[in-house]
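Have a look at the structure below, then the notes.
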Amino acid sequence: MLKKGTRCTICKSKNLKDKAVVFLPHHRLALCKEHFINWFENRVEKTIKEFKMFSKEDKILVAVSGGKDSLSLWNALIKLGYQADGLYIDLGIGEYSKDSKEISLSFGERIRRKLHIVTLEKEIGTIPQINSSANKPACSACGSVKRYYMNKKAKELGYSTIVTGHNLDDEVAVLFGNTLSWDIDYLKRQYPVLKEENGFIKKVKPLCKTTEKESALYAVFSNIEYIEYECPFSQGASSIRYKEIWSQIEQQSPGSKLRFYLGFLKKVYPLLNQENQDTKAIKQCILCKEPSFNDICGICKLKQKLHKAPAKL
Ligand code: SF4
Ligand code: ZN
Ligand code: ZN
1351 MLKKGTRCTI
1361 CKSKNLKDKA
1371 VVFLPHHRLA
1381 LCKEHFINWF
1391 ENRVEKTIKE
1401 FKMFSKEDKI
1411 LVAVSGGKDS
1421 LSLWNALIKL
1431 GYQADGLYID
1441 LGIGEYSKDS
1451 KEISLSFGER
1461 IRRKLHIVTL
1471 EKEIGTIPQI
1481 NSSANKPACS
1491 ACGSVKRYYM
1501 NKKAKELGYS
1511 TIVTGHNLDD
1521 EVAVLFGNTL
1531 SWDIDYLKRQ
1541 YPVLKEENGF
1551 IKKVKPLCKT
1561 TEKESALYAV
1571 FSNIEYIEYE
1581 CPFSQGASSI
1591 RYKEIWSQIE
1601 QQSPGSKLRF
1611 YLGFLKKVYP
1621 LLNQENQDTK
1631 AIKQCILCKE
1641 PSFNDICGIC
1651 KLKQKLHKAP
1661 AKL
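Following the working numbering, the numbering of the sequence shown begins with 1351 at its first residue and continues without gaps.
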């Protein structure tokens, strides 16, 4: 909690009198608006360098959803001097997609960067259609479809890297879920950088060390308008329950999330990825030529299924 009248830690060190508006307990920092913005951008820059994510010469593509994380990240990358364009995937989820698309488009205009749009309705079918016709849970289909089109479009458009806005809370929730079920295949791939290989483009997460609250504050202080309500399919998702559990842990013991996540990256991830481990062979889908574990990839199979049983809208 920020006590009334607390001075900004940085301003104080420079003999300035600005009052703090944010307190970051796990960093023991009280900051004014200006120094919080600098702190956030420095943290993003340091994470990019620490994990060798990309350089200022690379053409990178930010996966934009219209939410606080992706828009804050895109804004910070542009301010830091990176060549970052955006990719918005229109999932066709009623008002939610309509509002988030409008917000993303107007933000692209504000920062004068290109926003590419993929419309699922034209490519394969909307998420509600997939949900009802293909009998697949919305979020699991949505995750696979988004990953597929991000990879495909980034390659077609000539970008070297896909940048996503996953924050520390997202990473901790996923790590926690995968640990509860000891899902080794997923744990093996939970790293802030996935290198380019076997038809997959490089994928990185520069917000992996910043929290959801920090990106929301950065968005507010930077006057970024973002979609404030959740996707209707997110209700009841296990990741939301895990986030609630972790916010209680964090409240009682500030810094726990970061320790849990960084401890995994340092101590467990290397053990899971020792060289002599079996990895499933990756082939090329015979229909779309995208990487796949089988002759026909999951998305082409889904397309066939949707084609056979057209959705009732
Ligand atoms: Fe997709 Fe589920 Fe997220 Fe909605 S909540 S955007 S359906 S993954
Ligand atoms: Zn200050
Ligand atoms: Zn395919």
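Think of the CB as a built atom: it goes at the ideal place given N, C-alpha and C, for glycine as much as any other residue. Predicted model, so just to flag it, every value in this text is computed and none were measured.
Among all the DSSP beta bridges, which residues are the ones paired with residue i?
i, result
"G1436", "V1412 and L1465"
"T1511", "I1410 and K1552"
"F1373", "A1380"
"L1544", "K1553"
"Q1634", "P1641"
How is residue i classed by DSSP in three states: helix, strand or coil?
i, result
"R1357", "strand"
"S1641", "Note that residue 1641 is Pro in the sequence shown here, rather than Ser. P1641: strand per DSSP, three-state reduction."
"M1351", "coil"
"T1529", "helix"
"P1604", "coil"
"K1364", "coil"
"T1397", "helix"
"N1517", "coil"
"F1610", "helix"
"L1621", "helix"
"G1442", "coil"
"P1487", "coil"
"R1539", "coil"
"M1403", "coil"
"G1458", "helix"
"L1421", "helix"
"I1646", "coil"
"L1615", "helix"
"R1503", "Going by the sequence as given, residue 1503 is Lys instead of Arg. The answer is helix: DSSP assigns K1503 an H, G or I state."
"G1475", "coil"
"L1430", "coil"
"A1661", "Confidence in A1661 is poor, its pLDDT being 44 and thus under 50, which makes the residue's placement unreliable; the coordinate value appears in the next sentence. Here A1661 sits in coil by DSSP."
"C1492", "helix"
"K1559", "coil"
With a threshold of 7 angstroms, establish whether the CB of residue i neighbours any heavy atom of ligand 5.
i, result
"K1353", "Only ligand 1, ligand 2 and ligand 3 can be found as ligands here, which leaves ligand 5 out of the picture."
(request) Please determine if the region 1556-1575 and the region 1430-1448 are in contact, where contact requires at least 3 C-beta pairs separated by less than 8 angstroms. (result) no
(request) Quick one: residues with CB closer than 5 angstroms to any heavy atom of ligand 1, in chain order, please. (result) A1488, C1489, C1492, C1581, F1583 and S1584
(request) Assess, as a yes-or-no matter, whether the region 1596-1616 is touched by the region 1359-1378 under the definition of 3 or more beta carbon pairs within less than 8 angstroms. (result) yes
(request) Taking 5 angstroms as the limit, tell me which residues put their C-beta closer than that to any heavy atom of ligand 2, in chain order. (result) C1358, I1360, C1361, D1368, C1382 and H1385
(request) List in chain order the residues whose CB is within less than 7 angstroms of at least one heavy atom of ligand 3. (result) C1635, L1637, C1638, E1640, S1642, I1646, C1647, I1649 and C1650
(request) Determine contact between the region 1433-1442 and the region 1538-1551, defined as no fewer than three beta-carbon pairs at a distance below 8 angstroms. (result) no
(request) Could you tell me whether the region 1469-1482 touches the region 1565-1574, using the rule of 3 or more Cβ pairs below 8 angstroms? (result) no
(message) Runs of 4 residues minimum, wholly inside the region 1572-1606: which ones carry the alpha helix (DSSP H) assignment?
(response) 1588-1602
(request) Mind the definition here: the region 1458-1467 touches the region 1479-1489 only if three or more C-beta pairs lie below 8 angstroms; say whether that holds. (result) no
(message) Quick check: the region 1407-1420 against the region 1576-1583, are at least 3 beta-carbon pairs closer than 8 angstroms?
(response) yes
(request) Assess, as a yes-or-no matter, whether the region 1602-1618 is touched by the region 1515-1524 under the definition of 3 or more beta carbon pairs within less than 8 angstroms. (result) yes
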